[in-house]
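Novice: The opening residue of the sequence shown carries number 13 in my numbering; numbering runs sequentially from there. Every residue gets a Cβ at the ideal spot worked out from N, C-alpha and C, and that includes glycine.
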Amino acid sequence: MSQSSRASEVPDEIICHQDEPFIDEITSLNDLYFGNHTEFVPLSSSEDEEEDSETTDISVGNYSDSTCNSDYQHEFEYRTVDQDEVNFVGVFKTKTCGCSKLYGSPCSTKIEFDHLLEYRQQCQEMSSEELDLTVKVQLAAHRKSSTYWPQSTSKKQKTKERERVAQKYYFAGQQVCRDTFLFCHGIGKFKLNSIAASLDKDGLKPRIHGNTGKTPKHALSLTDVQRISQFLKEYTLKNGLPLPGRQPNYSTLGDKVLLLLPSDKTKSDIWELYNQAATMLNYRQVSLSEFKKVWLEQTPHILIMKPATDLCPKCQRYVHNISNAGNLSEEEKKTMLDEYMCHLDKAKQQREYYRERCLLSKELFQTHDLNQTERGQVCTMDMTQMYSFDFAQQIHYPHHAQEVGPLFFKTPRKCQAFGVCAEGAGEQVFYLVDEAEEVGKGANTVVSLLHHFFEHWGYGEKDAVLQMDNCAGQNKNNTMIRYGMWRIMTVVIAA
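1) One question on the structure: do residue 155 and residue 208 come within less than 9 angstroms of each other, judged by their Cβ atoms?
2) Using a threshold of 9 angstroms, state whether the C-beta atoms of residue 397 and residue 368 are closer than that.
3) Residues in its own chain within less than 6 angstroms of residue 469 by CB, not counting five upstream and five downstream?
4) Compute the Euclidean distance between the alpha carbons of residue 356 and residue 316, then round it to the nearest angstrom.
5) Residues in its own chain within less than 6 angstroms of residue 425 by CB, not counting five upstream and five downstream?
6) Check residue 178 in the structure and name its three-state DSSP category.
7) Is it buried or exposed for residue 128, if we count other Cβ within 10 angstroms and need 16 for buried?
8) Skipping 5 residues on each side, what residues in its chain have a beta carbon closer than 7 angstroms to that of residue 83?
9) Evaluate the contact criterion for the stretch 106-116 versus the stretch 175-184: three or more CB pairs, one atom per stretch, below 8 angstroms.
10) How long is the line joining the alpha carbons of residue 228 and residue 222, rounded to whole angstroms?
11) Along the alpha helix (DSSP H) that carries residue 98, what are the first and last residues, could you check?
12) What residue range does the beta strand (DSSP E) around residue 427 cover?
13) Using three-state DSSP, classify residue 475 as helix, strand or coil.
14) Decide if the stretch 453-460 is in contact with the stretch 488-507; the criterion is three or more beta carbon pairs, one per stretch, under 8 angstroms apart.
15) Please list the terminal residues of the continuous beta strand (DSSP E) segment that includes residue 446.
16) If contact is defined by three or more beta carbon pairs under 8 angstroms, each pair taking one atom from either stretch, is the stretch 322-335 in contact with the stretch 347-355?
17) If you draw a straight line from the C-alpha of residue 370 to the C-alpha of residue 399, how long is it?
18) Looking at the secondary structure, which residues open and close the alpha helix (DSSP H) in which residue 210 lies?
19) Decide if residue 497 is buried, meaning its Cβ has at least 16 other Cβ atoms within 10 Å, or exposed.
20) Give a yes or no on whether the C-beta atoms belonging to residue 289 and residue 298 are separated by under 9 angstroms.
21) Just to confirm, are residue 152 and residue 204 a CB contact at a threshold of 9 angstroms?
22) Could you check if residue 125 is buried or exposed, using at least 16 other CB atoms within 10 Å of its CB as the buried criterion?
23) At 3 residues or longer, what runs of the beta strand (DSSP E) sit wholly inside the stretch 278-325?
24) Span of the alpha helix (DSSP H) holding residue 154?
25) Let me make sure I understand the geometry here. Which of 234, 308, 198 has the alpha-carbon closest to that of residue 144?
26) Thinking C-beta only, is residue 279 closer than 9 angstroms to residue 249?
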C-alpha cells in the first residue's frame, strides 16, 4: 500500500493485503481520531499500474494545505479573542521585533519561535498574581537601581550618582529587547511599567490594587440600605404572617419572630416592586443581587414560605410516641425506634422510585415530537407517560394575609383544587370545583376528574403510570382499581 498522508497514524502492516472496504473503514477512523486526512492508494504488481499509482500519489499529494485549513476552519470557529491572538502572533513572527542594537538583526529571530510561543501561552494560562511575580523575578535579576547600585559608569568611564534605573531583558539566558520580552510574557508597556514601579517600591511582594480596602463609588449608602429594609418590613406587615409555632422546615433566629411571606411571589418579584416604588419616589434603584444581599443582612427573619406536602400521620405518631417514651423500657424504646426507622426507609425507597420514574418519563417524552399531537387522543403514541394527581389544600376566597376584624365572624367561600401533572411533559392541569358544586373528595370524584383528564388532556400514550398518595378513601381503593381495569379493557379495544 502507498500512503499520501504526511503524518499517518496507521501502520503499513495493518493495511497491507487488505480489501478496499477495510481500508476505507480504517481511513475514516484515522481521520476521526487523529485528523490526518489520509488517503490510501493500493499498489499494483505491474509496472504500469505502479506508474499510475505514483501519478495518483502526486495528485493526492497536491491536496494543498489551504484545502485542509479551509476544512479545519469550517469545522472549528474561532472566537474573536482567539482570532486576535492568532493575528497578533502572525504579525510579530512576520515583522519581528525590529531591533538591531544587540545582534545587528532582530533578536526575536535568534530564538526558536516555537519555544517563544510556548512560553507566551504558559504565561497566558497563569493568574494575574502569578504572572506579576514571574515578571518581577525576571526584572529583578537584571535590574540596576539606586537601591543596590547607587553609582553608575558613563561612556567616558566616569563614576557618578545613578539617576535612572538600568534594565536589561533576558529570555532563556539570552539578552533580548523590550518588545520581545513583552511578547513572550503576553503583557503591554503599561503593565510592565507598573510592575517595575512596584518592584522599586515594594520589592518582590505581590502587587496590591489601588482600590483595595476602599469603598466603591457605586456602593449602597446607609440611606439606601435603610430604605430597602423599611420597604421589606412594610411589605411583610401587609402580606406576611408570623410563624405558627416551631416547624421542622425553619430554623429560629434568636429572639426574633420569623415572618413568612406568601409563596406566590419570589424575591425577584418583590425586588421589581421595590424598584417601581423607588422610581415613583425618585430613589436609587438597586440590582437584584444587592437587594438579596441587603435582605439577608438586615432582615434575615423575613422568609418566603416554603412549599410543603401533607404531613405523614405515621411520622407524627412515631415522633409523638418517641418524645413521650420516658417511662418505657429500653427494649420498648428500641423497638419503637426500629419501627420508625423502617418506616423512614420505606418512604425513602418510595421517594427514590418516584424520582427515577420522573426522570425516565422526561427522557422518554423528549424522544417524541408531540408539538403537532392533538391532546385527548387515545392510544396513538407508542410511549409511556407518568401522571401524578392529588387534591390541594382547601382554598378560601376572597383571601387576604391580614384578616380584617369583621371577616373573623364570616365564613369565606371554599373551592376544591384537584391537579393532574404529566411528569414527562412538566405540565399540570387544575380542576377548580366551587363550593356550590362540591361533591366531596372520595373515590368517585377522583375517578371522574381523572377520566375527564384522559379524555381531553391525555397525550395518547399506550402505557400510563399513575402516582398517588396512600389515602385509601381517595386513591388506593377498589374503585380506582376497577376504573383502571375498565379503561384497559374498553379503551384499548376501541383504539
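Specialist: Short version:
1) Their beta carbons are under 9 angstroms apart, which means residue 155 touches residue 208 by this criterion.
2) At a Cβ-Cβ threshold of 9 angstroms, residue 397 and residue 368 do not count as neighbours.
3) Here the set comprises 387, 441.
4) In this structure, the alpha-carbon of residue 356 lies about 28 angstroms from that of residue 316.
5) Contacts found: 409, 447.
6) Under the three-state reduction of DSSP, residue 178 is assigned to strand.
7) When all chains shown are included, residue 128 counts as buried.
8) Below a pLDDT of 50, predicted positions are generally treated as unreliable, and residue 83, at 47, falls in that range; no measurement from the model is reported.
9) Result no; under three Cβ-Cβ pairs closer than 8 angstroms.
10) Distance between the alpha carbons of residue 228 and residue 222 is about 12 angstroms.
11) Here the alpha helix (DSSP H) through residue 98 covers 92-107.
12) Counting along the chain, residue 427 sits inside the beta strand (DSSP E) bounded by residues 425-434.
13) Strand.
14) With three or more CB-CB distances shorter than 8 angstroms, the stretch 453-460 counts as touching the stretch 488-507.
15) Judged by DSSP secondary structure, residue 446 falls within the beta strand (DSSP E) whose first and last residues are 439-446.
16) With the cut-off at 8 angstroms, the stretch 347-355 and the stretch 322-335 touch.
17) Their Cα atoms are separated by approximately 9 angstroms.
18) Here the alpha helix (DSSP H) through residue 210 covers 201-214.
19) The residue in question, residue 497, is exposed, as its Cβ has fewer than 16 Cβ neighbours within 10 Å.
20) The Cβ-Cβ distance between residue 289 and residue 298 does not fall below 9 angstroms.
21) No, they are not a contact pair.
22) Answer is exposed; the Cβ neighbour count stays below 16.
23) Every beta strand (DSSP E) stretch that sits fully inside the stretch 278-325 and reaches 3 residues is listed by chain position as 314-316.
24) No alpha helix (DSSP H) holds residue 154; DSSP gives it neither H nor E.
25) The shortest Cα separation from residue 144 among 234, 308, 198 belongs to 198.
26) Result no, Cβ atoms of residue 249 and residue 279 do not sit closer than 9 angstroms.
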